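> Residue numbers (the working numbering): 127 to 467. Each residue gets a CB set at the ideal place from its N, CA and C atoms; glycine is no exception. Bear in mind the structure is a predicted one, so any value in this text is a computation, not a measurement. Structure below; questions to follow.
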Ligand code: 1WB
Ligand code: MN
């Protein structure tokens with residue numbers, strides 16, 4: 127019997143040796159970034175990040191990963207170049223490595239078109255070249271949308287310098303997945319107890335990015351732009367009522383720009399969320415009720431989190447077959463242009 131639901135996991139991380147090598151250089155540099163514990167741990171084997179051994183899993187796509195998918199009934203992974211992507215490098219290196227990564231990704235997908243799809247990366251350091259690469263990646267390489275790892279040298283996508291990127295994404299109907307990296311400035315309060323990355327700082331960083339975009343009014347300029355945020359929406363929609371209320375007040379007192387729509391309306395119109403890395407049935411139930419069944423997509427966060435409990439979480443979720451089919455795969459087909467079977 128055919129599996130009941132097509133399972134497309136939409137935030138699954140990979141890397142390529144050339145980028146891993148460049149990140150090892152960063153690890154050995156004196157850079158002062160909140161990303162450093164993780165980069166040293168993953169790319170230079172520093173025990174300070176807990177010897178989690180993620181690098182093998184990131185570099186492997188067609189061997190252990192495919193077996194893990196088979197073992198757990200995962201039909202397809204949507205692959206994303208893992209954080210921090212190319213965003214720490216100088217503009218030329220980043221632009222070249224983004225193109226190389228997109229080429230490799232397209233090759234893997236062409237060998238396994240039903241098992242893998244992928245989001246293209248780009249170098250925000252050079253917005254005009256990024257927009258060209260975005261067009262090549264979707265039109266020529268047939269990739270499925272875009273990933274960006276939050277800020278680039280402390281700058282966020284509400285900044286007009288990045289408008290060529292938003293314009294390209296909107297014109298290509300390519301959803302931009304904003305994945306976390308270490309927060310941009312200061313960040314002293316994140317530096318202890320392992321809070322610099324996935325445990326806490328990542329959610330704060332991407333949540334802040336999403337609110338900046340909505341409050342800036344950038345969606346008035348790009349009304350069809352689609353943004354995806356993972357890790358159960360980085361909790362933004364749990365705060366939405368208050369963000370909306372306080373933004374209305376801030377607009378009234380002149381502390382925030384006047385916008386055509388409210389924060390509530392932008393979140394519903396311009397955002398989708400994924401479950402990556404969060405296996406909490408209450409949070410899933412709230413998300414579907416708050417945002418609608420069309421706007422929540424399933425993801426594992428492989429290889430950072432194991433597949434089996436993520437599949438079990440979805441199999442056990444008390445949802446109708448119609449809603450489960452959407453969250454497990456149908457929404458991914460729509461948002462990321464994946465051909466239905
Ligand atoms: C971890 C998680 C590391 C994520 C990452 O490195 C990413 C981790 C880029 O669990 O240590 C993630 O995407 O949630
Ligand atoms: Mn992730």
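#1: Note down, in chain order, each residue of its chain lying with its Cβ closer than 7 Å to the Cβ of residue 141, except the 5 sequence neighbours on either side.
#2: Just to confirm, is the Cβ distance from residue 152 to residue 168 under 8 Å?
#3: Drop a sphere of 10 angstroms on the beta-carbon of residue 314, count the other beta-carbons inside from all chains shown, and report buried for 16 or more, exposed for fewer.
#4: Could you give the uninterrupted runs of the beta strand (DSSP E) lying entirely in the region 224–274, keeping only those of 3 residues or more?
#5: Specify, as a first and last residue, the run of the beta strand (DSSP E) that residue 327 falls within.
#6: Within the region 286–331, note down every full beta strand (DSSP E) run reaching 3 residues or more, in order along the chain.
#7: Between 339, 333, 309, 336, which has its C-alpha nearest residue 323's C-alpha?
#8: Rounded to a whole number of angstroms, what is the C-alpha to C-alpha distance between residue 223 and residue 371?
#9: If we call anything under 8 Å between Cβ atoms a contact, is residue 401 one with residue 354?
#10: So, at 7 Å on beta carbons, what are the nonlocal neighbours of residue 127 in its own chain, with the 5 sequence-adjacent residues on each side left out?
#11: So, with DSSP's three-state summary, where would you put residue 140?
#12: Who are the near neighbours of residue 248 in its chain, counting only those whose CB is closer than 6 Å to its CB and skipping five residues on each side?
#13: Along the alpha helix (DSSP H) that carries residue 213, what are the first and last residues, could you check?
#14: Thinking residue 251 and residue 217 are a contact (beta carbons under 8 Å), I'd like their distance in whole angstroms, please.
#15: Do you know how far the Cα of residue 403 is from the Cα of residue 269?
#16: Residues in its own chain within less than 6 Å of residue 282 by CB, not counting five upstream and five downstream?
#17: Using beta-carbon positions only, say whether residue 409 and residue 453 come within less than 8 Å of one another.
#18: First and last residue of the beta strand (DSSP E) that includes residue 203?
#19: Beta-carbon within less than 6 Å of residue 389's beta-carbon, same chain only, minus the 5 sequence neighbours each way: which residues are those?
Result, derived from the coordinates:
#1: 184, 185, 207, 208
#2: no
#3: exposed
#4: 242–244, 272–274
#5: Not the beta strand (DSSP E): residue 327 falls in the alpha helix (DSSP H), residues 327–342.
#6: 302–304
#7: 309
#8: 42 Å
#9: no
#10: With a pLDDT of 44 at residue 127, under the threshold of 50, the modelled position of this residue cannot be trusted, and the question is left open.
#11: strand
#12: 224, 256, 259, 260
#13: It is not in any alpha helix (DSSP H) - residue 213 carries neither H nor E in the DSSP assignment.
#14: 4 Å
#15: 24 Å
#16: 335, 338
#17: no
#18: 202–207
#19: 340, 369, 370, 373
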